[in-house]
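Encoded as structure tokens, the structure appears first; notes follow it.
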Amino acid sequence: MTMSSPGKKLYTVLIVPLIIFLVLPIFAGSYLLHIMIFIFFYAYLSQCWNILSGYTGQFSLGHAAFLGVGAYTSSFLFSQYSLTPWVGMFIGALVSLCVGLFIGHICFRFGLKGAFFALATMAFAEILRILFLNLPSMGGAQGLLLPLRGNAPLLYQFEGKAPFYYIALIMMLVSVAVAYAIERSKTGFYFKAIHQNEESAEALGVDTKKYKVIAVGLSAAMTAFGGTFFAQYFMYIQPDNTYSTFVSFDIMLRSIIGGMGTVAGPVIGSFILTPLAEITRSFLGGKSGAHLMIYGLILMAVCIFLPQGVYPGIKKWLTRFQSE
Amino acid sequence: MNLDTIFQALVSGILTGGLFALVAIGLTMILGVLKIVNFAHGEFLMLGMYLTYYCYNVLGIDPYLCLLISIPIFFLFGVAIQRILINPVLKSPMEIQILLTLGLFFFLQNAALFFFGPYLKSIKTGYARAIISIGSVNFSSTKLIMFLFSIAFTLVLYVFLKKSDLGKAIRACSEDSYGAMLVGINVRNVYMIAFGIGTACAGAAGTLLMPVYYVDPYIGLTFVMTAFVVVVLGGMGNYIGALVGGFIIGLTESLGAALFTASLKQLATFVIFILILLLRPTGLFGARRM
Amino acid sequence: MRKYLVLIFASIIMTMTLVTPARAEAKEVRVGLLYPISGPIASIGRLCVQGHQFAVDKINAEGGIKSLGGAKIKLIIADTEGKADVGMAEAEKLIKQEKVVAIFGAYQSGVTFPTSQVAEKYKTPFLIAQAVADPITERGFKYIFRTQFKASWNAVYTLDILKWLGEKYGPMAKTVALLYENTLWGQSTAKMWKRKCPDYAFKIVGDFSYSKTATDLSSTISKLKGKKPDAVLQISYLTDAILVTKTMYELDFNCMARIPSGGGHSDPRFIEAVGNLGENIIVNHMFHPSLKGPGTKVQDVNEAYKAKYKDDMDDYSASSYSITFVLKDALERAGSTNGEKLRDAIATTDIGINNSPSIYPYALKFDKTGQDPVATGIATQYQNGKLVMIYPEEYASAKPIYPMPSWKERGLR
Chain D
-7 MTMSSPGKKL YTVLIVPLII FLVLPIFAGS YLLHIMIFIF FYAYLSQCWN ILSGYTGQFS
53 LGHAAFLGVG AYTSSFLFSQ YSLTPWVGMF IGALVSLCVG LFIGHICFRF GLKGAFFALA
113 TMAFAEILRI LFLNLPSMGG AQGLLLPLRG NAPLLYQFEG KAPFYYIALI MMLVSVAVAY
173 AIERSKTGFY FKAIHQNEES AEALGVDTKK YKVIAVGLSA AMTAFGGTFF AQYFMYIQPD
233 NTYSTFVSFD IMLRSIIGGM GTVAGPVIGS FILTPLAEIT RSFLGGKSGA HLMIYGLILM
293 AVCIFLPQGV YPGIKKWLTR FQSE
Chain G
88 MNLDTIFQAL VSGILTGGLF ALVAIGLTMI LGVLKIVNFA HGEFLMLGMY LTYYCYNVLG
148 IDPYLCLLIS IPIFFLFGVA IQRILINPVL KSPMEIQILL TLGLFFFLQN AALFFFGPYL
208 KSIKTGYARA IISIGSVNFS STKLIMFLFS IAFTLVLYVF LKKSDLGKAI RACSEDSYGA
268 MLVGINVRNV YMIAFGIGTA CAGAAGTLLM PVYYVDPYIG LTFVMTAFVV VVLGGMGNYI
328 GALVGGFIIG LTESLGAALF TASLKQLATF VIFILILLLR PTGLFGARRM
Chain R
13 MRKYLVLIFA SIIMTMTLVT PARAEAKEVR VGLLYPISGP IASIGRLCVQ GHQFAVDKIN
73 AEGGIKSLGG AKIKLIIADT EGKADVGMAE AEKLIKQEKV VAIFGAYQSG VTFPTSQVAE
133 KYKTPFLIAQ AVADPITERG FKYIFRTQFK ASWNAVYTLD ILKWLGEKYG PMAKTVALLY
193 ENTLWGQSTA KMWKRKCPDY AFKIVGDFSY SKTATDLSST ISKLKGKKPD AVLQISYLTD
253 AILVTKTMYE LDFNCMARIP SGGGHSDPRF IEAVGNLGEN IIVNHMFHPS LKGPGTKVQD
313 VNEAYKAKYK DDMDDYSASS YSITFVLKDA LERAGSTNGE KLRDAIATTD IGINNSPSIY
373 PYALKFDKTG QDPVATGIAT QYQNGKLVMI YPEEYASAKP IYPMPSWKER GLR
């Protein structure tokens, strides 16, 4: 077995699915496109989560908060001031960045770790959900219904699914690139050091609080772009489908199943979990509960038999594949 | 503000707090000893309610008598869950443990939906209608019974942990499992028993709740979030803390609803939760950090 | 080379698993049902599905769609899980993969908004029998039709009932308190009440919202009691309806009339859970089997339903049942399953009360927005443990008990 230039080999391996993804909308039906959009979209969100939780080990159970802030900011600006969501999404990201920095700052200022940090983020998301439910200016429980403008690319509205497909694909690729860049940078090195042993990182002179706050801010701002995408795709948002704890679960599950703290993990996780939910639903959907029961069983099985996520296994296979 | 309303809110808050405490005690035991954030805890409560419902409606067993059935059944259920599911992930990182209990949560919730159906079920006992009135304050006798049982449970557990050998072993494991192992305690067994007791508490809470409330497959979620808040408030693994924490949250919610508006009362709970996490992460009464 | 083949094969297999081929058979009209049959409101979703199934069985047994050569209607059931995103994916699947000609759905307003948008995009008629949020039919869509009243009409209807009670049976209520769950339905109805109460000379003395997952409402009811309202206008789902009723009894809260809108209070499980505490509550909703329609039409349908499903028809199954005949009628007239032709046929629906298979107390037709302009509700009251029709009077089977006797007068406390 020889390991000749694995990087180059890896690129040639990745190029095939990438070409398939690029040409898929030409012949794929709209249902398949919808599923693919969801795969990319969740891969993107989960990658954002992974940058914080996977790399630095600060486990967030409240990423729905950032998704919701992004979705609400751009949608509010669009429906009230007709500001195009293309601009709104950057403002959303900015707001979400502030929320993220705030949460990160106060949590890490008081040294919250592990389960405590996880529960705090979950509580923050819940607080936002309850607040937005009771804010009439934000539509309250009714939520925000985005004004339909037909096929208006300048307003982030499209008739077909293909534009959304490509936006989601680009978002996923960008998030992968960001994660890849972080992994190779000094910042990424500090992130991983914090994950492995915060005390030693501190002892070596890493300003751990600063890097943790940076991770939360970056992750929050990126997640907000996903929020705007969500709002534009559905044209309708309400507190219960943006700020819900279940949204946070959906986001993090993909990374955990794929493999936390790896560039490919969230993408692989999304390619497994999203179709899995779809398939169990279409085969067992007629019987209440059956498909989510199986979903739960599979989650437990992954924890027990593949606690590292599936990526390490795939990596092993890929290495063998390359050296063939 | 009407003074009657304040008195009523105080009394209802304390009575509801007793229930929150009972749900939280099981959770705090599992957290304290096994260091597992158990998202499926509310589902144990839900199953306890179904058990009580069927005992009453099919076998005609009084709900309070049903405690004698539900406590052992849920103890064994908890032991089995711990053996089969929790044990393999005890050494895994926290996120895997959370994922596992989430998986269990999805599974149990939807199994209940599948087998018991989506419809709400409730039982009608003769004494559910008995109302106790003190001045302008009213409450039902079943709530009082639930409250008294919660306190009794907590005290029994407390004494058990303080005095019995097994209780001492559990406490030792909760403080330092490695040290406990060194002094010859069978940590594996203790973990099993602790998870069993935690589950039995949830099952018992379900049984006590049944005459007051109703059950459907989604009821667990309603309680488990509040239970987490109570656990953190009281300090993870602190039983008296869970009891007091339950009262505090019960009072916060009822007074919050009396003074402000009911739809915002959960907001107060979560704000307190975050403040406690930030300022006193070991809870009001102290506990070991995870 | 081999490894690329493997990769390509893997990709193809993945694609194949996502796309199961559509199985279109001749002489069959495929119709999609989009309801929450799992998730927290699965029980209601199932009742909706049951109502459609019952109607379709009847249509098929009577020879199917005659203008399509006796084609049978086949229902394709899809589960929204009560979530908007899942609902959208399922709507997409129903239309593109299952090739349904029309969709019924989606019970919740929050899910109906985005899913009906999918149907509009693919020019597939979307028929709504339950979702009440006003803006659903106010978006300028062409393929959306609703046979149900709007939430705001229903809010006004509650005030009509209260006024009618005061005028006919007296005394007239002067003060009202609003008590509602804090989501879309409760909030939008309360907003309408606040706007319309002055027109009816009802003074709002209390405005109480609560979260429907509340475990204790003593404080809220205690505050309500402090306001001493003549009548309580209420919006509740099932679990909170039970909690409110039990708490009102516990705290000895009495008033002249309690008028909740549909939802929890008309559910058979409500009265099962609260027993005689539910007595004399007046419910404003869509349907009740004691409705005195033309002849015994409603009762006949209800008997057949009961024989099959062991339960009386309720708001959900009855509305689903009735709206199914809108589609049947339109299919007959269109003689085609083409989306546009079918849409035009539905838009010109005109099913009167007397000869229609529908069991609604009003005609089925649609205005330009796709809303049935004559849609209205009914009022029933719990008397001796059963709901009886009290309003509108022409369909009523009993006289109302008003004012509502206090707990003491009923010997309950």
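Chains as they are written, first to last, in my numbering: chain D, -7 to 316; chain G, 88 to 377; chain R, 13 to 425.
Glycine included, each C-beta is placed from N, C-alpha and C at the ideal position.
Being a predicted model, the structure only gives us computed values, none of them experimental.
Quick one: is D:N143 near chain R, going by C-beta distance under 8 Å? no
Please go through the same chain and pick out, in chain order, the residues whose beta-carbon is closer than 6 Å to the beta-carbon of R:S221, but skip the five residues on each side of it. Y192 and N194
Can you tell me whether R:E37 is buried or exposed? The criterion is at least 16 other CB atoms within 10 Å of its CB, across all chains shown. Confidence is the limiting factor: at R:E37 the pLDDT is only 43, short of 50, which leaves the residue's position unreliable, though a coordinate-based value still follows. With fewer than 16 Cβ atoms within 10 Å of its Cβ, R:E37 is classed as exposed.
Taking D:L137 as the reference, give the member of R:D356, R:G182 and R:T124 with the closest Cα. R:T124
Presumed contact (8 Å Cβ cut-off) between D:I229 and D:S67, rounded CB distance: 6 Å
Going by DSSP, which residues form a beta bridge with R:I115? R:G44 and R:F138
Complete beta strand (DSSP E) runs within the region 150 to 188 of chain R (minimum length 3 residues, chain order): 156 to 158
Is G:G135 buried or exposed, if buried means 16 or more other CB atoms sit within 10 Å of its CB? buried
So, with DSSP's three-state summary, where would you put R:A243? strand
For D:G84, which residues of its own chain have a beta-carbon under 7 Å away from its beta-carbon, when the five flanking residues on both sides are left out? V61, G62, T65, S66, A216, G219 and T220
So R:H297 is in the beta strand (DSSP E); what residue range does that whole segment cover? I294 to H297
Does G:P175 have its Cβ less than 8 Å from a Cβ in chain R? Chain R, which has no Cβ nearer than 8 Å to the Cβ of G:P175, makes this no.
For R:K215, tell me which candidate among R:H297, R:G81 and R:K239 has the shortest Cα-Cα distance. Among R:H297, R:G81 and R:K239, the Cα nearest to that of R:K215 is on R:K239.
Please confirm whether G:A349 has its beta-carbon closer than 8 Å to some beta-carbon of chain D. Cβ-Cβ to chain D under 8 Å: no for G:A349.
Which residues of chain G have a Cβ atom closer than 7 Å to the Cβ of D:E118, listed in chain order? F357
Could you check what DSSP says for R:G362 in three-state terms: helix, strand or coil? Before going on, a small fix: residue 362 of chain R reads as Asp here, not Gly. Reduced to three states, the DSSP call for R:D362 is strand.
Close Cβ partners of R:T381 (< 6 Å) along its chain, the five nearest in sequence each way excluded: T149
Quick check on the burial criterion: 16 or more other C-beta atoms within 10 angstroms. Buried or exposed for R:P33? Low local confidence applies: a pLDDT of 42 at R:P33 is under 50, so the model's placement there is unreliable, with the coordinate-based value given in what follows. Residue environment analysis places R:P33 among the exposed positions, since fewer than 16 neighbouring C-beta atoms fall within 10 angstroms of its C-beta.
So, at 7 Å on beta carbons, what are the nonlocal neighbours of D:L210 in its own chain, with the 5 sequence-adjacent residues on each side left out? Once the five neighbours on either side are set aside, the close Cβ partners of D:L210 are I43.
Measure the C-alpha to C-alpha separation of R:S329 and R:T360 and round it to an integer number of angstroms. A direct Cα-to-Cα measurement between R:S329 and R:T360 gives close to 24 Å.
Grouping DSSP H, G and I as helix and E and B as strand, with all else coil, what is R:Y394? strand
Beta-carbon proximity of R:K377 to R:D362, cut-off 8 Å: yes
Beta strand (DSSP E) runs wholly inside the region 79 to 114 of chain R, at least 3 long, in chain order: 84 to 91
Between which residues of its own chain and G:A96 is the CB-CB distance below 6 Å, once the five residues before and five after are set aside? S341, L342 and A345
Length of the line joining the Cα atoms of R:T29 and R:T349: With a pLDDT of only 48 at R:T29, under 50, the local geometry of the prediction cannot be trusted, and the value read off the model is given with reservation. If you take the alpha carbons of R:T29 and R:T349, they lie about 29 Å apart.
Within its chain, find whatever has a CB closer than 7 Å to the CB of R:G423; leave out the 5 residues flanking it on each side and keep chain order. Cβ within range, chain order: n/a, list empty.
For R:R270, write down the residues that DSSP places opposite it in a beta bridge. R:V244
Looking at the C-beta of D:F108, does it have a partner C-beta in chain G at a distance below 8 Å? With 8 Å as the cut-off, D:F108 counts as an interface residue toward chain G.
Checking the sheet assignment: what are the DSSP bridge partners for R:K377? R:D362
According to DSSP, is D:Q50 part of a helix, a strand, or is it coil? coil
Does the CB of R:L196 have a neighbour CB from chain D at under 8 Å? yes
Positions along the region 224 to 243 of chain D whose CB lies within less than 8 Å of some CB in chain R: F226, M227, Y228, Q230, D232 and N233
Could you check where the beta strand (DSSP E) with G:I219 kicks off and where it finishes? I218 to I221
Determine which residues of the region 100 to 123 of chain R have a Cβ less than 7 Å from any Cβ of chain D, and write them out in chain order. Residues M100, A101, E104, K105, K108, Q109 and G122.
Which complete alpha helix (DSSP H) runs does the region 63 to 124 of chain D hold, if anything under 4 residues is left out? 77 to 101
By the criterion of Cβ-Cβ separation under 8 Å, what are the contact partners of R:L263 in chain G? Q95 and N225
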